[in-house]
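Inspection log for the structure reproduced underneath, given as structure tokens.
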Amino acid sequence: MLSTKIDAENAENAAEIEMQFAVKAVEQAQIYWSLLEMRKGSELKLTKYDDEIFEDLINTFPEFKDPKTASFVNEDEMKSAKGKAAWRPFLMRYEKKVDDYNFGTLLRIKNTDEYEQETTIFVPRMQFLAYEIARNRYGLNDWIKKD
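Be aware that the sequence shown starts at 407, since it is given in this note's numbering, and climbs by one per residue.
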């Protein structure tokens, strides 16, 4: 029996676990991209809570009223201590609503980029949903749809 608690925030993951998460994140990105190729983002609904998530995003982060904010992710700002503190309450509001709300997911840094190693960052699923719902609402992903 272990006598010390494990700090999940600072624990090092086994390579196999990290690989499983990475594979799952890549699969999710491929599925999402395929959806965007088949249908305009502005016509997609990612969850049954899209309206609520978008409204909450704008109320929590008023800068998202400007589509430019959704078009680009400032990773340094988002992952700073201040950024994490700002995003945490938003994420936690969906803990019991959105499955895998905190599961690692790939997010494109710019809405004008495709999914590639240099153009994506790893974020909790709720941050992915917040950005992509906003991008879709503003029509920023409509360019991806194939004719």
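Ideal Cβ placement from N, Cα and C applies to all residues, glycine included.
To the nearest angstrom, how far is it from the Cα of residue i to the Cα of residue j?
| i | j | result |
| --- | --- | --- |
| N480 | D553 | 31 Å |
| T525 | K446 | 21 Å |
| A501 | R531 | Here the sequence assigns Glu to residue 501, which means Ala is not the residue at that position. Their backbone Cα atoms lie some 11 Å apart in a straight line. |
| F467 | T475 | 10 Å |
| Q523 | E433 | 14 Å |
| K490 | L497 | 10 Å |
| N542 | D519 | 14 Å |
| Y537 | D506 | 16 Å |
| K471 | Q426 | 36 Å |
| P495 | S448 | 27 Å |
| I464 | F509 | 22 Å |
Quick check: residue i and residue j, are their CB atoms within less than 7 Å of each other?
| i | j | result |
| --- | --- | --- |
| N517 | S486 | no |
| I550 | I459 | no |
| L452 | L535 | yes |
Residue i: which of the options sits nearest, CA to CA?
| i | options | result |
| --- | --- | --- |
| E443 | Y521, K454, N465, L512 | Y521 |
| W439 | Q533, R514, Y544 | R514 |
| G545 | Q436, L450, I437, E483 | L450 |
| N547 | E469, D456, Q426, P473 | P473 |
| K454 | V504, F509, Q523, I527 | V504 |
| D482 | F528, R543, F470, P495 | F528 |
My assumption, with CB atoms under 8 Å, is that residue i sits in contact with residue j. Please give the rounded CB distance.
| i | j | result |
| --- | --- | --- |
| A428 | T511 | Actually they are not in contact, since the Cβ atoms of A428 and T511 sit about 11 Å apart, beyond 8 Å. |
| R499 | D456 | In fact, because the Cβ distance is near 15 Å, the residues do not count as touching under 8 Å. |
| Q533 | W493 | 6 Å |
Complete runs of the alpha helix (DSSP H) confined to the segment 433 to 497 [at least 4 residues] | Listed in chain order, the complete alpha helix (DSSP H) runs (minimum 4 residues) inside the segment 433 to 497 are 456 to 466, 473 to 477, 481 to 484.
Which full runs of the beta strand (DSSP E) of 3+ residues lie inside the segment 498 to 525, going along the chain?
-> If we require 3 residues or more, the beta strand (DSSP E) runs fully inside the segment 498 to 525 come out as 510 to 514.
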